[in-house]
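Q: Just passing along the structure, written as C-alpha cells.
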Amino acid sequence: MVDLPRIAVQAATAAAGPEIPLKARLARAQARARRRAFLLVLPLLLFILLTFVIPIGQMLQRSIYHDGFSGAAPALVEWFAATPAGTEPDETAFAALASDLLFMKERKLAGEAGTRINYAVPGSRSLFTAAARGADRLTAPYRPALMAEDGKWADPLLWAAMREAASPWTTDFYLSGIDMQRTANGGIERVDEGSRVYLALYAKTFLLSAVITIICLALAFPVAHLLATLPMARANLLMILVLLPFWTSLLVRTTSWIVLLQSQGVINSLLVSAGFIGDDGRLALIYNRTGTIIVMVHILLPFMVLPLYSVMRVIPPVYARAARSLGATSWTTFRRIYLPQTLPGIGAGVLLVFILAVGYYITPALVGGADGQLFSNQIQFHMSKSNWSQAAALAAMLLAGVLLLYWLYDRLVGIDKLKLG
Amino acid sequence: MQKAHDPGEYVAFRHVQKSYDGETLVVKDLNLSIGQGEFLTMLGPSGSGKTTSLMMLAGFESATSGEILLDGRPINQVPPHRRGIGMVFQNYALFPHMTVGENLAFPLEVRRIGKDEREARIRRALDMVQMGAFANRRPAQLSGGQQQRIALARALVFDPKLVLMDEPLGALDKQLREHMQFEIKHLHESLGITVVYVTHDQGEALTMSDRVAVFNDGRIQQLAPPEDLYERPQNSFVAQFIGENNKLPGVVEELNETRALVRLATGELIEATPVNVRAKGDRTLVSIRPERVEITAGPMSENAHLLDAEVREVIYMGDILRIRMRAAGSEDFVVKLRNSIDQRRLDPGERIRIGWHPQDARALDVI
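Chain order of the listed sequences is A and B. Quick note on the working numbering: the first sequence kicks off at 1 and runs consecutively. Quick note on the working numbering: the second sequence kicks off at 1001 and runs consecutively.
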C-alpha cells in the first residue's frame, strides 16, 4: 500500500527518460515549431529591415554626417586637429589650404567642399570653386597670395566653419534647424531675427495639425456614431460615401477645393449673390492658413471616422440602457458611459490624423500659399536643393516631435488602449 | 374611463399594445396587475412578447396604445431615468471602464447622494451579495456568477421599489443558476421589493415566482401561481410549455361540470376533468403528466379506466426511471417512476396496464 505512489512515479519517469529535465524536454519539443515560425516571419522581417530600418537609419545618419569638406581637405583636417579651437590661421594653415585647393582641383571636389561650408557661411561656394580653379598658380607665402585673390579668406567665421566641417560628424544641421549658428570663436548664437524660420514653422506645424485634428474629431464623431447605430445595409452605403475621397486622386480633390474656395470660386460667388458679403469683400479662403486647414481636414477625415466607427460598432447599446435605468440623463449617459468607451477609437484617430498632418506636404504646397506652409515643405525645399543633410535633420526633428507626443500619449492614456480597427 | 386605484396594485398594464412595424402586434391587449412585494415572472418562448412588455415597463420601448401605471400614476410619458426602476440585464451590462465600486456609485452619483452615504450604501449592497472584497476589481476580472451578483447589487443600491430582471441567469451554468435563483428569491423576501422577472426557463419560473404569466403570441395564456400552472394548466399551450406532458387526442363523448368522458382515437374510453371543452362532440387533447401515470392499481380510483401499454424503453436517470411506452395510440407515451427501493422494475417488451386519477387528466383545447 505504502509503495504504490512511488511505483507510479518511477513508471512515469521511466517512460519519459529519467536523465533529461522537464525544461529541456519542453524546449526540445518546441524548438521545431519555433524554427518554423521564425522562417515564416523571416521575409516580413527582411522587408521591414529593408524598407524601414535601413532608410530611417540612413536618414538619421545623414543629418549628423557630411564628408563633403573633410574628404576634400586632408591637409586642413590635419592642421585643425593639431590646433585648439579659435586659433588664428597662420601661414601653415594657409599652406595647408593651398595644397587642399590643389587636391580639390585635381579631383573636382571644390564644389562639394564649398557647398558644405556654404551651409554655414553663405557665399563660400564660389570662393572655393574660384580659388580651386587657380590653385596651381598659387605660390608661397600662401596667406598673401590667397588674400590677394579674395579678402574673404581672412574671415574668422569662414575658418570656424571649416574647423567644424573638418570632421564629417557635425551638429551644424540641427543647429540651423533650431535657428542657431556658430560664432567665430567656436560658440553658438541665435541667427538674425529676419532669418529665424524653423522654430516658428515647427510650432506652427504642430499647432495647425492640432487644429486640424480637433476639427476632424468634432466632425467625425457624430458621423461615426451614426454609422455605428444605423442598420448594416444603410451604414455600408454611408461608409462608401466616407471612403469615396480615398478612391479619388489627391490632386483632383485638392484642385476641386481650389475651384470651390478661390476668390472667384463657388463659395465666394454664392455668398456675394446671397448678399452676405460685398463683391469687394470676398473671403480669402485659399492660398493661406485657412485653405490648408479646410483641405487637410477633408483629406484626413476618413482616418478619424474609421477607427471611431470600429470602436463604436462594438459598444453594446445595453450599456446606455443600463445607465438610463440607473437614473442617468441622456447627457450623463453619453459623457460618463459612452464617451469613455470610445476613448480607444478617439486615441487612435487623433494619433493617426495628427501624425499624418504633421508630415503632410502636397496639400499645403498646393493650397497653403505663403502662410499655410508646413515644416515638410521646408524639408522638400532642402531636398530640391540637394541639401540632404539639412532635410534629414529637419525630418529627424519632426520625427522626434511625433515620438515625444506618442510617448506622452502612452503616459497619459496608455498605448494598449489604442484601437486602429 | 379611469379605474379606481387598487392599493394592492403596484404595477398595472391596461390594454397595452405594441407594434414595431405598424402591421403586426408584438403585444396584443396586455392586462396585468402586479401587487406590491410580489415576485412575478413573465415566461414564454422567444418572440412571445415578454421582453417587449418588460422593456415597456422599463421605459425603453413605448406602448403603441394602452396605459402603464406605476404606483397609481401613468408612466407612459416618463423617461426611463425618472422611473426609479432597478434593472438587471441579460449580460449584466456592468460598465467595463469602471471598477465594481464605481459601477455601484454611478446610480448614487447621478442622484447627487453625498460621499459618505454613498460609500455606506455601496458597502451595504456589496455585503448583501457577499462581494464586499471586490469593490476595486474591474468587471472583466470577475467570473460570470460574480458579475451577476454585482449587477444585482447595482440594481438594488439605490433602493428601488421595483426591480426588473431580463433573463439574468441565462449565461450561467446549471449549478450556479440554481444557487443564484435561491439568492435572488431570498433577497426579494428580505427586502420586500417588487420583482418582475423575465425568463424562458420554466424551472426558474416555477421555483422563484409568486405568480407566473405565461406569454405566447403576444398574449398572456395563463396567470397563476406555479402550483396551479403546473397542475391545472388552462390550455394546451400552457400544458405543453410547462413541464413534460402526454397528449392524447380524442372526442368528448359525455360532459358535465366535473367530468368528461373522452373517446380516444384508438377507441378506448378515458375519464378526464374538463377545462376548456365546451360541448359533447368537441375535439380535445387530454393532458396527463408523466409522473401522475400509475402502473399499479393502488393509487388509482376504483372506477378508473385502464389502458393497455407496452414498454418500449427504460431510461435510467438516477432519481427517476423514465419509461417510454406504446399506449393510447401513441408511440411516445412517457411515464416517470420514482427510483424507490420498492419500485416495480419494467423491461422493454413487457405488457402492462396503466391508469391515472381522473383529476390528473385534463381535457384541453386542440391547438
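Idealized CB from N, CA, C, for every residue including glycine.
Taking the alpha-carbon positions, what's the D100(A) to L76(A) distance?
A: Each residue's alpha carbon lies about 7 Å from the other.
Q: Can you confirm whether Y119(A), when its beta carbon is compared against all beta carbons of chain B, has any partner nearer than 9 Å?
A: No, because no Cβ of chain B sits closer than 9 Å to the Cβ of Y119(A).
Q: Along chain B, in chain order, which residues have C-beta atoms closer than 7 Å to that of I337(A)?
A: Neighbours of I337(A) on chain B, chain order: F1095.
Q: Name the one or two DSSP bridge partners that N268(A) has.
A: Looking at the DSSP assignment, N268(A) forms no beta bridge with any residue, so it has no partner.
Q: Give, in chain order, every residue of the region 1224–1251 of chain B whose Cβ lies closer than 7 Å to some Cβ of chain A.
A: Those residues of the region 1224–1251 of chain B that come within reach of chain A (Cβ to Cβ, closer than 7 Å) do not exist; the list is empty.
Q: Let me know the secondary structure DSSP gives S1048(B) once reduced to three states.
A: Coil.
Q: Count the other CB atoms, across all protein chains shown, that sit within 10 Å of the CB of W407(A); report buried if there are 16 or more and exposed otherwise.
A: It is exposed - the Cβ of W407(A) has fewer than 16 other Cβ atoms within 10 Å.
Q: Buried or exposed for L207(A), please, with buried defined as at least 16 other CB atoms from any protein chain shown within 10 angstroms of its CB.
A: Exposed is the call here.
Q: Looking at the unbroken alpha helix (DSSP H) that takes in Q1175(B), where does it start and where does it end?
A: Looking at the DSSP string, the run of the alpha helix (DSSP H) that includes Q1175(B) is K1174 to L1191.
Q: Can you grab the Cα-Cα spacing for the pair V1088(B) / A1012(B), in whole Å?
A: Rounded to whole angstroms, V1088(B) to A1012(B) spans 20 Å at the Cα level.
Q: On the CB-based measure, 16 or more other CB atoms within 10 Å of its CB, does I415(A) come out buried or exposed?
A: Its Cβ having fewer than 16 others within 10 Å, I415(A) is exposed.
Q: Exposed or buried, which one is F1158(B) when buried takes at least 16 other CB atoms within 10 Å?
A: So F1158(B) ends up on the buried side.
Q: Nearest to H1186(B) by CA position, among D1201(B), E1038(B) and L1104(B), is which residue?
A: When only C-alpha atoms are compared, the closest one is E1038(B).
Q: Note down the Cα distance separating D3(A) from V1314(B), rounded to an integer number of angstroms.
A: Residue confidence for D3(A) is low, a pLDDT of 48 falling below 50, so the modelled location carries little weight; the figure read from the coordinates is stated next. Distance between the alpha carbons of D3(A) and V1314(B) is about 45 Å.
Q: Distance cutoff 9 Å, beta carbons only. Does A323(A) sit that close to anything in chain B?
A: Answer yes: the Cβ-Cβ gap between A323(A) and chain B drops below 9 Å somewhere.
Q: Does the beta carbon of R1154(B) sit closer than 9 Å to a beta carbon anywhere in chain A?
A: Output row for R1154(B): interface = yes.
Q: Given a cut-off of 9 Å, decide if T205(A) and V350(A) are closer than it, judged by their beta-carbon atoms.
A: No. Outside cutoff.
Q: Using beta-carbon positions only, say whether S263(A) and L285(A) come within less than 9 Å of one another.
A: Yes, these two residues count as a Cβ contact at 9 Å.
Q: Enumerate, from N- to C-terminal direction, the unbroken alpha helix (DSSP H) stretches of 4 or more residues contained entirely within the region 96–161 of chain A.
A: Those alpha helix (DSSP H) runs which fall completely within the region 96–161 of chain A and span 4+ residues are 110–120, 124–133 and 142–149.
Q: Would you mind giving the Cβ-Cβ distance between S70(A) and S167(A), rounded to the nearest angstrom? I have them listed as a contact below 8 Å.
A: Their Cβ separation, rounded to whole angstroms, is 6 Å, which keeps S70(A) and S167(A) in contact under 8 Å.
Q: In chain order, what residues of the same chain lie with their CB nearer than 7 Å to the CB of P364(A), ignoring the 5 residues before and after it?
A: Around P364(A): T292, G372, Q373, L374 and N377.
Q: Just mark G114(A) as buried or exposed, buried being the case when its beta carbon has 16 or more other beta carbons within 10 Å.
A: Burial call: buried.
Q: In three-state DSSP terms, what is L22(A)?
A: Helix.
Q: If you measure between the beta carbons of H1391(B) and S330(A), is that distance less than 9 Å?
A: Outside the displayed range of chain B (1001 to 1367) lies residue 1391(B), so it cannot be described from this structure.
Q: Cβ atoms of Y202(A) and M397(A): under 9 Å apart, would you say?
A: In contact: M397(A) and Y202(A) (Cβ atoms closer than 9 Å).
Q: Roughly how many angstroms lie between the CA atoms of R163(A) and S389(A), to the nearest whole one?
A: Computed Cα separation, rounded: 18 Å.
Q: Determine the direct distance from the alpha carbon of I1323(B) to that of A1140(B), and round the result to whole angstroms.
A: Roughly 46 Å separates the two Cα atoms.
Q: Would you say A1125(B) faces chain A, with C-beta separation under 9 Å as the test?
A: No, because no Cβ of chain A sits closer than 9 Å to the Cβ of A1125(B).
Q: Out of curiosity, what's the CA-to-CA distance linking L1223(B) and D1127(B)?
A: If I take the Cα positions, the gap works out to 35 Å.
Q: So, using beta-carbon positions, are N1339(B) and D1308(B) closer together than 9 Å?
A: No.
Q: For the region 1158–1187 of chain B, which residues have a beta carbon sitting closer than 7 Å to at least one beta carbon of chain A?
A: If the cut-off is 7 Å between Cβ atoms, the region 1158–1187 of chain B has F1158 near chain A.
Q: Take A14(A) and list the residues in its own chain whose beta-carbon comes closer than 8 Å to its own, dropping the five residues that flank it on each side.
A: Here A14(A) scores only 47 on pLDDT, less than 50, and its place in the model is too uncertain to base an answer on.
Q: How far does the alpha helix (DSSP H) with I240(A) in it reach, from first residue to last?
A: Unbroken alpha helix (DSSP H) run through I240(A): M232 to L243.
Q: With a threshold of 8 Å, are at least 3 pairs of Cβ atoms found where one atom belongs to the region 1253–1264 of chain B and the other to the region 1341–1355 of chain B?
A: In short, these stretches do not touch, since the Cβ pair count stays below three.
Q: Rounding to the nearest angstrom, what Cα-Cα distance links E1310(B) and R321(A) in this structure?
A: Distance between the alpha carbons of E1310(B) and R321(A) is about 56 Å.
Q: Find the nearest neighbour of I362(A) within the set F381(A), I346(A) and L352(A), judged by alpha-carbon distance.
A: Of the candidates F381(A), I346(A) and L352(A), the one whose C-alpha sits nearest the C-alpha of I362(A) is F381(A).
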